[in-house]
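Read through the structure below, which is laid out as structure tokens, and then see the notes.
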Amino acid sequence: MSNYVIQADQQLLDALRAHYQDALSDRLPAGALFAVKRPDVVITAYRSGKVLFQGKAAEQEAGKWMVKRGADPGKRQERETASPPLEHRLEKLSAIGSDEVGTGDYFGPIVVAAAYVDRSHIAKIAALGVKDSKQLTDEAIHKIAPAIMETAPYAVTVLDNAEYNRWQRSGMPQTKMKALLHNRTLAKLVDAIAPIEPEAIIIDQFLERGSYFRCLADETRIVSDRVHCLPKAESVHVAVAAASIIARYVFLEEMERLSRTVGLLLPKGAGAIVDEAAARIIRERGEEMLETCAKLHFANTKKALDIAKHR
3 MSNYVIQADQ
13 QLLDALRAHY
23 QDALSDRLPA
33 GALFAVKRPD
43 VVITAYRSGK
53 VLFQGKAAEQ
63 EAGKWMVKRG
73 ADPGKRQERE
83 TASPPLEHRL
93 EKLSAIGSDE
103 VGTGDYFGPI
113 VVAAAYVDRS
123 HIAKIAALGV
133 KDSKQLTDEA
143 IHKIAPAIME
153 TAPYAVTVLD
163 NAEYNRWQRS
173 GMPQTKMKAL
183 LHNRTLAKLV
193 DAIAPIEPEA
203 IIIDQFLERG
213 SYFRCLADET
223 RIVSDRVHCL
233 PKAESVHVAV
243 AAASIIARYV
253 FLEEMERLSR
263 TVGLLLPKGA
273 GAIVDEAAAR
283 IIRERGEEML
293 ETCAKLHFAN
303 TKKALDIAKH
313 R
């Protein structure tokens, strides 16, 4: 079996991971950042920057990623990819982007949004000031989101708190909840834009691609063609940033609706101010009211019960 080793910097490691993401392995040897398993080659990238290629196609695959450096004939020739990284190849395509909000907030639902941006509209959407929703104020979200929603086809799925709590009590981890919500939202948008087919579908990564699809094993319909799970995906394609803004906008609308329902302005996040708000709800409306507006397994519930008990 042939073995080849190349030395990679962080940029090349990122490009390798993105290029082989469809074949990433969950089993990692000690010191490994990631591993790729294909029938004809096994690739292991180590924290040291060394990348080991093993198997029948080791030389061929390693050759794709090495470029001659210098003219010293006594040194191993090193190559790096001649094609741009995956992220650069995706940024100008007609793509669906998908993102979620609300997973770290005690109050409020989880909202997943997907947006389709045709390559001819990329500049128009970007000109609206689209970027990751976490970098925008709520006021900016309220201004930008409607303009995006008028320009780009989109779909939204809201997992309300009562359903979230049922899923959580059944033993479902939040990562699987997110996978189910992303898949269902993508299916709605794919249907909505048909017969147009996106050139790429980009999910802001919360799981490696293989793990994401394992979460969907029991689903009757799985959107899988041209799906990429990429970290910081809002910087890869404007469609993901647009989706994050739409998701945040819907989340804020849901928070306002819930606030009216419970008669209290619900704070975002999961800090001390949230504990106090939850305690007030318990005192004024009863503990059962939290079922409809909060993620009960968060530690805030116990803190709020303690506060309500001693006041």
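With our numbering applied, the sequence shown has no gaps in its numbers, which climb one by one up to 313 at the end.
Ideal Cβ placement from N, Cα and C applies to all residues, glycine included.
Whole runs of the alpha helix (DSSP H) within the segment 13 to 80, excluding any shorter than 4 residues: 60 to 65
Given M179, which residues of its chain have a CB within under 6 Å of its CB, disregarding the five upstream and five downstream residues? Position 177 of the sequence shown, counted from the first residue, corresponds to residue 179. Only W169 meet the Cβ criterion.
Out of Y22, Q62, K66, which one is the CA nearest neighbour of T46? Residue 46 sits at position 44 when you count from the first residue of the sequence shown. With distances taken between Cα atoms, T46 lies closest to Y22.
Inter-residue spacing [alpha-carbon to alpha-carbon] between L95 and I204: As a first step, residue 95 must be located in the sequence shown, where it is residue number 93. As a first step, residue 204 must be located in the sequence shown, where it is residue number 202. Going from the Cα of L95 to the Cα of I204 covers about 11 Å.
Is it the case that the Cβ atoms of S213 and T177 are separated by a distance below 9 Å? Position 211 of the sequence shown, counted from the first residue, corresponds to residue 213. Position 175 of the sequence shown, counted from the first residue, corresponds to residue 177. Yes, the pair counts as a contact, with Cβ atoms nearer than the cut-off.
Output the distance between the C-alpha atoms of E290 and I283, rounded to the nearest integer angstrom. In the sequence shown, residue 290 corresponds to position 288, counting from 1. In the sequence shown, residue 283 corresponds to position 281, counting from 1. E290 and I283: Cα-Cα distance of roughly 9 Å.
Quick check: the segment 275 to 282 against the segment 100 to 112, are at least 3 beta-carbon pairs closer than 8 Å? yes
Rounded to a whole number of angstroms, what is the C-alpha to C-alpha distance between I327 and E61? Absent from the structure is residue 327, since the part of the chain shown begins at 3 and ends at 313.
For H184 and S226, what's the separation of their Cα atoms in angstroms? Here residue 184 refers to the residue found at position 182 of the sequence shown. Here residue 226 refers to the residue found at position 224 of the sequence shown. Cα to Cα, H184 sits roughly 11 Å from S226.
DSSP three-state label for E258, please. By 1-based counting over the sequence shown, the position of residue 258 is 256. Helix, per DSSP.
Please report the distance separating the alpha-carbon of V242 from that of P200. As a working note, residue 242 is residue 240 in the sequence shown. As a working note, residue 200 is residue 198 in the sequence shown. Going by the C-alpha atoms only, they are around 13 Å apart.
What did DSSP end up calling A193 once you bin it into helix, strand or coil? Locating residue 193 in the sequence shown gives position 191, counting from the first residue. Per the sequence presented here, residue 193 reads as Asp, with Ala not at that position. The answer is helix: DSSP assigns D193 an H, G or I state.
Rank Q13, H239, D193, D16 by C-alpha distance to the C-alpha of I124 and give the top, closest one. Residue numbering aside, residue 124 sits at position 122 when the sequence shown is read from its first letter. Looking at the Cα atoms, H239 is the closest of the given residues.
Cβ of R259 within 8 Å of any heavy atom in the ligand MN? Among the components of this structure there are no ligands whatsoever, and the ligand MN is therefore not found.
Report all residues from its chain with a CB closer than 7 Å to the CB of K305; omit the five preceding and five following residues, and keep chain order. Here residue 305 refers to the residue found at position 303 of the sequence shown. Excluding positions up to five away in sequence, the list reads D277.
Taking the alpha carbon of S100 as the reference point, which residue from A189, D42, V114 has its own alpha carbon closest? For the purposes of this step, residue 100 is taken as residue 98 along the sequence shown, with counting starting at 1. The shortest Cα separation from S100 among A189, D42, V114 belongs to V114.
Note the first and the last residue of the continuous beta strand (DSSP E) segment covering L307. The residue given as residue 307 occupies position 305 in the sequence shown. Not the beta strand (DSSP E): L307 falls in the alpha helix (DSSP H), residues 302 to 311.
How big is the Cα-Cα spacing for L161 and R19? Against the sequence shown, residue 161 aligns to sequence position 159. Against the sequence shown, residue 19 aligns to sequence position 17. If I take the Cα positions, the gap works out to 32 Å.
Are the Cβ atoms of A181 and L232 separated by less than 9 Å? Counting from 1 along the sequence shown, the entry for residue 181 is found at position 179. Counting from 1 along the sequence shown, the entry for residue 232 is found at position 230. Cβ atoms of A181 and L232: not closer than 9 Å.
Top-ranked residue by Cα proximity to I314, from D28, Y156, R49, I309: An answer regarding residue 314 cannot be provided, because it is not within the stretch 3 to 313 covered by the chain.
Name the two residues that bound the continuous beta strand (DSSP E) containing Q137. Along the sequence shown, read from residue 1 onward, the residue named residue 137 stands at position 135. Counting along the chain, Q137 falls outside any beta strand (DSSP E), and DSSP gives it neither H nor E.
To the nearest angstrom, how far is it from the Cα of G104 to the Cα of A235? For the purposes of this step, residue 104 is taken as the residue at position 102 of the sequence shown. For the purposes of this step, residue 235 is taken as the residue at position 233 of the sequence shown. Those two C-alpha atoms are separated by around 18 Å.
Report yes or no: do the segment 134 to 153 and the segment 244 to 261 share at least 3 C-beta pairs separated by less than 8 Å? yes
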